[in-house]
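There are 2 protein chains.
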Amino acid sequence: MVRLSKKVEYGLIALRHMVTSPSGEIVTAKEVADRYGIPYDLLAKVLQRLGKAGLISSHQGVRGGYALVKDPRDIPVSQIIYAIEGTAPVITQCLAEGPESCDVFNACTIKSPLTKVQANIDRTFHTMMLSEIV
Amino acid sequence: MVRLSKKVEYGLIALRHMVTSPSGEIVTAKEVADRYGIPYDLLAKVLQRLGKAGLISSHQGVRGGYALVKDPRDIPVSQIIYAIEGTAPVITQCLAEGPESCDVFNACTIKSPLTKVQANIDRTFHTMMLSEIV
DNA sequence: TTATATACGACTAATTCAGTCCGACTTATG
DNA sequence: CATAAGTCGGACTGAATTAGTCGTATATAA
Numbered sequence: 004m005v006r007l008s009k010k011v012e013y014g015l016i017a018l019r020h021m022v023t024s025p026s027g028e029i030v031t032a033k034e035v036a037d038r039y040g041i042p043y044d045l046l047a048k049v050l051q052r053l054g055k056a057g058l059i060s061s062h063q064g065v066r067g068g069y070a071l072v073k074d075p076r077d078i079p080v081s082q083i084i085y086a087i088e089g090t091a092p093v094i095t096q097c098l099a100e101g102p103e104s105c106d107v108f109n110a111c112t113i114k115s116p117l118t119k120v121q122a123n124i125d126r127t128f129h130t131m132m133l134s135e136i137v
Numbered sequence: 004m005v006r007l008s009k010k011v012e013y014g015l016i017a018l019r020h021m022v023t024s025p026s027g028e029i030v031t032a033k034e035v036a037d038r039y040g041i042p043y044d045l046l047a048k049v050l051q052r053l054g055k056a057g058l059i060s061s062h063q064g065v066r067g068g069y070a071l072v073k074d075p076r077d078i079p080v081s082q083i084i085y086a087i088e089g090t091a092p093v094i095t096q097c098l099a100e101g102p103e104s105c106d107v108f109n110a111c112t113i114k115s116p117l118t119k120v121q122a123n124i125d126r127t128f129h130t131m132m133l134s135e136i137v
């Protein structure tokens with residue numbers, strides 16, 4: 004399975020929504036959830052993580068919400084995924100968590116070749132910017 | 004999560020083993036399982052699927068086993084994944100199973116842009132050949 | 001005839017993901 | 001200063017996927 008999580012999908016939808024909104028406008032989690040039929044609680048958590056990662060700014064209290072602060076051309080998809088999932092998109096466990104996590108590590112013959120595949124994946128997600136997702 | 008399944012990892016290890024074995028030599032599931040510390044039953048199933056897909060030949064009975072029949076330079080990784088998983092590596096459900104599978108489909112604004120990312124992934128797995136995994 | 005293999009489906013266990021719930025904190029506004 | 005509208009964040013549950021196991025059938029070399 005090589006699939007983006009729902010959280011990432013929801014995050015991208017929300018970010019795209021912000022990109023296409025009037026510049027600097029604050030948008031709430033509820034608005035986005037209603038607009039796109041996304042579970043509110045889940046989306047809220049996703050936006051919080053994007054906020055903590057500094058990809059968007061968050062404003063608490065009445066009339067609070069989230070807003071884009073960076074140029075979408077400067078936000079690679081890889082960064083979005085990392086902010087939401089806490090890990091980069093990595094195709095094997097040992098590449099993600101190190102040798103200890105794999106109980107075939109010593110006998111494994113493919114980890115080195117697979118770094119080539121991984122490099123391509125990296126490039127894909129690093130090159131694609133939020134601005135291209137519109 | 005963007006990760007190859009254990010089945011695919013095991014399949015790649017086994018295929019690599021065959022590629023590096025003396026040409027045309029028959030290798031059994033047990034051999035490979037022991038050699039690399041892979042669960043036998045699981046590996047057996049993986050090899051059966053690779054056999055059914057025609058990527059390797061299978062031989063039943065005493066002194067049976069599996070052998071490479073194609074040039075590893077003609078076997079793209081995408082084909083290996085498809086043979087083992089039954090599906091191509093696709094980053095969203097709606098790209099894999101069609102609109103019905105997604106309950107946000109109509110409101111979803113990112114499916115079209117994501118096809119660009121998908122195209123890169125496709126190219127990566129389609130371009131990388133088994134011969135490069137050695 | 002027997003030992004050694006693959007073939008294949010059903011099943012269970014473990015892990016991950018999606019989604020929900022709840023209480024706390026922040027702040028604009030009447 | 002009370003209240004409503006927001007974010008913040010952890011704990012929890014249920015669903016889905018993946019990993020691994022088991023049993024039985026079938027093929028075949030010796």
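Going line by line, the protein sequences match chains A and B. Quick note: the first sequence uses the numbering used here, first residue 4, plus one each step. Quick note: the second sequence uses the numbering used here, first residue 4, plus one each step. From the three backbone atoms N, C-alpha and C, an ideal C-beta is built for every residue, glycine too.
Unbroken alpha helix (DSSP H) run spanning residue i, endpoints
i	result
Ala56(B)	It is not in any alpha helix (DSSP H) - Ala56(B) carries neither H nor E in the DSSP assignment.
Gln82(B)	Val80 to Glu88
Ser134(B)	Premise fails: Ser134(B) is in no alpha helix (DSSP H) and is neither H nor E.
Met21(B)	Lys9 to Thr23
Ala32(A)	Ala32 to Tyr39
Glu100(B)	Gln96 to Glu100
Minimum C-alpha distance to residue i - residue among the options
i	options	result
Lys33(B)	Leu71(B), Glu88(B) and Gly67(B)	Gly67(B)
Gly14(A)	Arg38(A), Ile83(A) and Ser115(A)	Ile83(A)
Ala86(B)	Val11(B), Val5(B) and Ala36(B)	Val11(B)
Val49(A)	Phe108(A), Thr127(A) and Leu18(A)	Leu18(A)
Asp37(A)	Val72(A), Arg76(A), Ile16(A) and Ile136(A)	Ile16(A)
Arg76(B)	Arg6(B), Glu135(B), Met4(B) and Val5(B)	Glu135(B)
Ser115(A)	Ala47(B), Val137(B), Ala56(B) and Lys73(B)	Val137(B)
Phe108(B)	Thr127(A), Ile41(A), Asp74(A) and Ala56(A)	Ile41(A)
Arg6(A)	Glu88(A), Gly54(A) and Asp106(A)	Glu88(A)
Ala56(B)	Lys73(B), Asp125(B), Tyr43(B) and Gly64(B)	Lys73(B)
Run of the beta strand (DSSP E) containing residue i, from where it starts to where it stops
i	result
Ser68(A)	A small fix is needed here, since residue 68(A) is Gly in this sequence, not Ser. Note, Gly68(A): beta strand (DSSP E), Gly68 to Leu71.
Same chain, Cβ closer than 8 angstroms to residue i, five either side skipped, listed in chain order
i	result
Ala70(B)	Met21, Gly27, Glu28, Ile29, Val30, Ile59, Ser60 and His62
Gln51(B)	Ser61
Leu45(A)	Lys9, Lys10 and Tyr13
Leu117(B)	Ile94, Thr95 and Leu98
Gly54(A)	Ser60, Ser61 and Tyr69
Neighbourhood of residue i by C-beta, 7 angstroms cutoff - its chain only, sequence neighbours within 5 removed
i	result
Ile78(A)	Leu58, Met132 and Leu133
Ala99(A)	Thr90 and Val93
Cys105(B)	Gln96, Cys97 and Cys111
Ala47(B)	Ala32
Tyr43(A)	Ala32, Lys33 and Ala36
Gly64(B)	none
Cut-off 6 angstroms between Cβ atoms - residues of its own chain near residue i, not counting five sequence neighbours on either side
i	result
Ser8(B)	none
His129(B)	Pro79 and Ser81
Environment of residue i [buried if 16+ CB atoms lie within 10 Å]
i	result
Glu103(A)	exposed
Tyr39(A)	buried
Val35(A)	buried
Thr23(A)	exposed
I'd like to know if the stretch 121-135 of chain A and the stretch 85-104 of chain A are in contact, where contact means that at least 3 CB-CB pairs between them fall below 8 angstroms.
At 8 angstroms Cβ cutoff, the stretches touch.
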